[in-house]
Every structure is written in C-alpha cells, then in structure tokens.
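**Q**
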Amino acid sequence: MVLVTAFLIILLRVENQKAIIALLALGIGAVIAANRLGLLKPVAHSFSEREDALGLLAIVATLAVGVVFHEDHFVLLLVCTVVLYTVATLGLSIQFGYAGVLNFAGASFFGIGAYTAAVLNQHTAVPHLLVLLIGGLMAALIGSLLLLPVLRTRGHYAAVVTIAFALLFKTFLEVNDVLGGPQGLQVRGMTILGWSFNDNIEIGGVELSFYLNYFVMSMMIMVLAFVVVRRLERSWIGLNLDALRLDETAAGCFGLNIVRWKITAFLLGNFLIGVAGTLHGMVVGFVQPNNYTFADSLVLVSILLLGGIGNPWGVAVATVIVVIVPEKLQVIQEYRFMLYAALVMMVLLFRPEGLLPRPVRRYFPGWRP
Amino acid sequence: MDLGLVAQYTMNGLMLGMMYALVAVGFTLFFGVLDVIKFSHGDVLTVGAFTALASFIGLQSIGLTSDAVELLAMLVAALGAMALLGAFIARAFILPLRSAPALNTLLITLMLGTVLREAVRLFYPDGANPKPFPRLLPADSINIGNFNLRLDNAILLTAGALVIVGLQFLLNRTKLGLAIRAVAQDEETAKTMGVNFNAIVLITFAIGSALAAFAGLMNGLYYNEINFGIGLYLGVVGFSAAIIGGLGSIYGAILGGFLFAGLQTIGAVALPFASAYKDVFAFAVVIALMAWRPTGLIPEKLSERV
C-alpha cells in the first residue's frame, strides 16, 4: 500500500513526459511481475480478510497524497476529480453491477447535479451542504421520469431509453438559453457557515491550496458512499438485487418485488451520481453542455467495466487509471477517447470480468471455497 | 398552411426517413441473424462516407472529371470497403463474444464505434472539421407553388427506395435470402440443414454495412457536407428507429425510420417553441413510445420461460 501511494505521489509530481512513460511502464511491469511470482494472491487474500483495515489505509494514503500536494492546485483538482468520479461510478455500479439496470446516461445525471449547483448557488441562499443533497435529489427526480420506460423494457430496449435521454439532455442544454446555452454557466464555490471554500487557507505561515477544502469534502462523501455501497452489497438488499440481475423471471417467481428493487437501485444510483456531480460542478466552478455528453457517459461505463462490474475497489482503481493517466501523459490527451475505447475492447476480449473481478460473496470469514 | 409548404416538408421528412430507415434496417438484419446489436453501425456509416470522399479526391487527382463515373466509383469503393469492414467486425469482435452477456457485445461495439469515429477525427487529414462533399447529381429543380422539387433529392429518394426493394427481393426471393432467414429463425436447425452459419453471418454483416455506407453517401450528397460525428447521430437515430419499430422486423425498421423523421419534421414545424427543440421532442417521444410499447410497435415474438 505504501509502495502504491509513493508511486502515485511520484507519478503526480513528475512533469517530464519521458519519465512519466517510464514510470507507467515500471508500474505495469511491477504488477505483472508480482502476478507471475504469485505475490498478488496472498495480498488479495489478506485484503479481503481485513477490509476495514484496507479502507483505513486507502483513506490515509489519499490524505497523504493531499498533504504532499497541499499547495499544488492542479494536482488537487485532479485528485478531487478522481474521488468524485469514483463516487459517480459507485452509483453506476449499484445500477449495472447489483440490479442489472442499464444506464448509459451517467454523465447526464452528473450534469444535472452540476447544473443544480450552478442555478441554486447563483439565485438562492440555500445552504451549500443542502445544495449537495438537492443536487442528488434532482438527479434522482429527473431520473424517475425515466422509471416507467426503464421498468418496462429489457436488454437492448432498455439501453435505447437511457441513450435517448443522454442525447435529449445534451441537446436540451444546448438550446436552452436560461441555462446558458452552449456557453454554460459559472458556478459559485462552496461556503459553509461563512467559511468560503474558494479562499486559500493559511496555517502557521504555510499556504494551503483552496482545493484542499474540496478535497476533504469529496473524501468525506466518497467514504460515505463507499460504506453505503459496501453495506448495501452485503445486506439482504444486495442479495435481492443480485437475484434480480441474474434472473428476473426466477426472482419474480420467488416473490421478490422486482419493480420495487429496480426503482430503488436506479434512484439510489442516480442520487449518488447527482451528489458527485453537484460537488464537481462547484469544484470546477463552471458547467457547460459539452462536459456531459454521451461520450462522457461511455467513459463512466468504461471505468466501471475496467474495474470489474460490482466491485467498489476495482472501480476506485480504474478511476485512478482512467482519469490520471491521460492528464499526466499529454501526448495522449488528444487520443484519450480512442484509447479508453480500445482499452475497454481489450478488457472485454481478454478479461471480460474486469481488472479486479467481483469476489464471490462470503458468509464465513476465513472460509475458502 | 399552404399545400406547397406541406409538400416541401413531407419531401424533407421522406429524405430523412429514407436515411434513417436504411440505417435501421442494418440494425434489424444484425439482430435477426445473431441476436446482437452492433452499435458501431453508425460509425461504419461515417467511415463509408469518408471513404467515398477520399476516393472522390483520389479520382480528381488523377484527372477524372466525369460526374457519373466518379459517382459510380465512390459507390463501389464505399460499399465494397464497408462490406469488408462489416464482415471483419463480425469475425473479430462479435462472433468471439457470442456466449458472453448481451451487455458485453453492446459495449464492445459501442467502443469499437468510438475507435472508428476517433480514428476518422484524428487520422483523416483535418478530420475534426466538417468536410465539403462534392455535388455530383444534377441540381435542376421544378417549382410548383411553394414546393421546390430538386432533381437530386428525387434521385436519392428513388435510389433509396430501390435499395430497400432490392433488399426485400434478396431476402424473400433468393437462395441467399432463404439461408439468412433460416439462420434468423433457428440457428441450430439451419446448421443441420447444411447452411454454412459463419458464412451467412459474415455475408449479412457485409450487406448491412454496405447499406450503412449507402446511407452515408446519401447523407453526403443531400447535405453536401460530412463530419466525423454524423455516424454517431445517425447511428443512434437508426437504432432508436429500429427499436421503436420493433427489432427483428424489417418493416418495423422502415416504419420506425420514417416515424422518427416525421416526428422531427413535426417538431420543427408544428411546435410552438423554437425548432431547435425538434430533437428533444423526437427523443422524448421515443422514450414515451418505449414506455407504451416496450418491445416496439411491431413486436418480435417473445416467450418467457417460466
């Protein structure tokens, strides 16, 4: 874990392109070598034994990254984005991974959150913590307009509903003058109890980047979301959702209320995506329709798939890869979408389960199948 | 409203509908033989249109200037290349994933579409900007009142209709069509009867992709401009059309295509607010239609194993 953190910190610090490529190659090589030597299995095992410890370590590691870069605006913005994208993909993971409800409009719901933040912060005095909540609720509410078609359709037919929504949403934003049209809107930063998040902090003569505020805030949200998703998966609700995904007809026959659980999963997922989007809107300070296109939804889905559908840890790892690598490697900036797509195709062809597949549900600690 | 204007709008709607229907028929064909959605269909259309443009530029540079020859060459190049591409896609990405969940096939073709689209954007010279498409059809027009019938539009419309009729003929009257229908009906039985399953799948994908290339060419000739994004848009519209018509039925796809075009035209003309909302309107109706008829207007026969 310490090694991984150090690797991340170095990666974020280095500016030289060649060094970055070398570092990435080193990282990939190290993982492959560890796999060859059989080192990964015991590590994975001990992780799954003590997941709480792993969680704490992960938080400490992320905080360490935050402390190291306490005055570097860009890196902190990047880390915030990673954290919030993770939250959003956790939402998608509830929909795709547990309940099997397709949603190809992830970026749209993300955008709904951001636009809510823009409008509310500009025109009302709603406390900004509440805005987060409202952003999530808005995403869930607008998502509930899609409920009827989502519930009634299946498979390919379900995909078209959300895809049509993603296109509808973007076109709507582009032609709607109240919401700024193609130019978008400014979002005011967050203020809690008179403490403005957009001011730099100074403690004992050390200047801290204002993104650190957002960083802490998004970390809190991520931890919350993570705990919720993990608990959900382990609970009887998670069991019901799994049954639903695997065979809807059979689940119905055994008396599960299919409609109810599909609604729960869809709305809860959208809520998480919306909250993440709201905070992201405030972090970036700017919203425009081009940030929430169908292609961006596909990026979210590709993160989910790359990480392994239904495994929150996999999602976190995949977000780090997908968000940070193109930012650091400016050579591939332009080719970003293409590389994502090619990457996902490779994963689908050669490792259809994702990088970190979802482990089998465990009932007895320490029991091995 | 003036009758001439109505006729004009109808004509525009028909043109759009023909393009959508051609794309939608492709989706239906693929779904018929293999039960998969090939989402890269729209981007195959883009690549087809760009192939046509490239071959036009190639012909220009060797000094050929006859419109008819150029058009024919573009048609052959685009259709042939896309038929090969379609067969290759089926061979390399879709057949290997047959046993995987439907979501995987959906995603791999979506991503393949992204790769194709980005490849056009990045590697075609100056591909990120719209490209002018040559005007090769006679542009005479007949005016009847407010109705302005352009000869090139009429030719395109007729050509599109002929292609669809030809496809019908191929599917219903020839041995190949019989084999395709047999595979669509029941793969196992078709195999037992001596149908070469893989070959039929590849041929179907080739035909469908050639249809997409034709639609791309039609789109270019109609608007006299192409860009790398047309495929994404036309693909999604074609997919929606195939779905609202009902997957697995060619007539459904054609109906869906014209229906979608009709919705857009109505949205642009008859709604009180700005015509910029026509897509919003059309997609909203698609979502509503899906809620009303979850498996399309002409539903395929489904049975639930309970």
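Those protein sequences? They're chains A and B, same order as listed.
In terms of my numbering, the numbers along the first sequence are unbroken and rise by one, the last being 1655.
In terms of my numbering, the numbers along the second sequence are unbroken and rise by one, the last being 1059.
By construction, the Cβ of each residue, glycine as well, lies at the ideal position given by its N, Cα and C atoms.
Here the structure is a predicted model, which is why all the values come from computation and not from measurement.
1) Residues of chain A with a CB under 7 Å from the CB of Ser993 (chain B): which are they?
2) Assuming Arg870 (chain B) is part of the alpha helix (DSSP H), what are its boundary residues?
3) Met1624 (chain A) versus chain B: which residues are under 9 Å apart at the beta carbon?
4) State the DSSP-derived secondary structure class of Ser1002 (chain B), mapped to helix, strand or coil.
5) Hey, Ala840 (chain B) and Gly1009 (chain B): beta-carbon distance below 8 Å or not?
6) Closer than 7 Å by C-beta to Val1606 (chain A): which residues in its own chain qualify, once you throw out the five before and the five after it? Chain order, please.
7) With DSSP run on the structure shown, which of helix, strand or coil describes Pro1643 (chain A)?
8) State yes or no: is the C-beta of Leu1364 (chain A) within less than 8 Å of the C-beta of Glu1613 (chain A)?
9) Have a look at Ala1529 (chain A) and Ser1588 (chain A) and give me their C-alpha separation to the nearest angstrom.
10) Spatial neighbours of Gly1596 (chain A) within its chain, please: C-beta separation below 7 Å, excluding the five flanking residues on both sides.
11) Mind checking the region 1453-1472 of chain A against chain B and listing, in chain order, the residues whose C-beta falls within less than 7 Å of any C-beta there?
12) Judging by CA-CA distance, which residue of B:Met771, B:Ile933, B:Val1038 is the nearest neighbour of Asp788 (chain B)?
13) Is Pro1612 (chain A) helix, strand or coil when you go by DSSP?
14) DSSP state of Lys884 (chain B), grouped into three classes?
15) Hey, how far is the Cα of Val1436 (chain A) from the Cα of Tyr877 (chain B)?
16) Just mark Met768 (chain B) as buried or exposed, buried being the case when its beta carbon has 16 or more other beta carbons within 10 Å.
17) Give me, in chain order, the residues of the same chain whose beta-carbon lies closer than 7 Å to that of Ala1581 (chain A); leave out the 5 immediate sequence neighbours on both sides.
18) Would you check if the region 935-955 of chain B and the region 758-775 of chain B touch, i.e. whether three or more CB-CB distances between them fall below 8 Å?
19) May I have the straight-line CA-CA distance separating Tyr1626 (chain A) from Val1608 (chain A), to the nearest angstrom?
20) Report yes or no: is there a C-beta of chain A within less than 8 Å of the C-beta of Ile983 (chain B)?
21) Check for me: the alpha helix (DSSP H) holding Asn906 (chain B) runs from which residue to which?
22) Give a yes or no on whether the C-beta atoms belonging to Ile1507 (chain A) and Val1461 (chain A) are separated by under 8 Å.
23) Is there a Cβ of chain A sitting closer than 8 Å to that of Glu978 (chain B), yes or no?
24) Tell me whether the beta-carbon of Met946 (chain B) lies closer than 8 Å to the beta-carbon of Val1630 (chain A).
25) Closer than 7 Å by C-beta to Gly999 (chain B): which residues in its own chain qualify, once you throw out the five before and the five after it? Chain order, please.
26) Is the region 1446-1454 of chain A close to the region 1522-1539 of chain A, with three or more CB pairs under 8 Å?
27) Residues in its own chain within less than 6 Å of Leu970 (chain B) by CB, not counting five upstream and five downstream?
28) Who are the neighbours of Val1033 (chain B) on chain A, taking C-beta pairs under 8 Å?
29) Between A:Gly1429, A:His1414, A:His1409, which lies nearest to Val1464 (chain A) when the distance is taken from Cα to Cα?
30) Does the beta carbon of Thr1048 (chain B) come closer than 8 Å to any beta carbon on chain A?
31) Please look up how many angstroms separate the CB atoms of Ala1425 (chain A) and Gly1315 (chain A), rounded, as I've assumed it's under 8 Å.
32) Less than 8 Å between C-beta atoms, sequence neighbours within five positions excluded: which residues of the same chain meet that for Ser894 (chain B)?
**A** Straight from the coordinates:
1) Val1446, Ala1450
2) 855-876
3) Those within 9 Å of Met1624 (chain A) in chain B are Thr867, Val868, Arg870, Glu871, Ala872, Arg874, Leu875.
4) coil
5) no
6) Val1368
7) It is coil, neither helix nor strand.
8) yes
9) Each residue's Cα considered, the two are about 24 Å apart.
10) Ser1379, Gly1383, Tyr1384, Arg1644
11) Leu1453, Leu1454, Thr1457, Phe1458, Val1461
12) B:Ile933
13) Secondary structure at Pro1612 (chain A): helix, using DSSP grouped into helix, strand and coil.
14) strand
15) 39 Å
16) buried
17) Phe1623
18) no
19) 8 Å
20) Closer than 8 Å: no.
21) Annotation: the continuous alpha helix (DSSP H) that includes Asn906 (chain B) extends over 904-926.
22) It is not a contact, given that the beta carbons lie outside the stated cut-off.
23) no
24) no
25) Gly1005, Thr1048, Gly1049, Leu1050, Ile1051, Pro1052, Glu1053
26) no
27) Ala805, Ala831
28) Leu1454, Thr1457, Phe1458, Val1461
29) Among A:Gly1429, A:His1414, A:His1409, the Cα nearest to that of Val1464 (chain A) is on A:His1409.
30) Using beta-carbon distances, Thr1048 (chain B) counts as an interface residue toward chain A, with a partner under 8 Å.
31) Going by Cβ atoms, the distance from Ala1425 (chain A) to Gly1315 (chain A) rounds to 41 Å, so no, they are not a contact pair.
32) Asn901, Leu902, Arg903, Leu904
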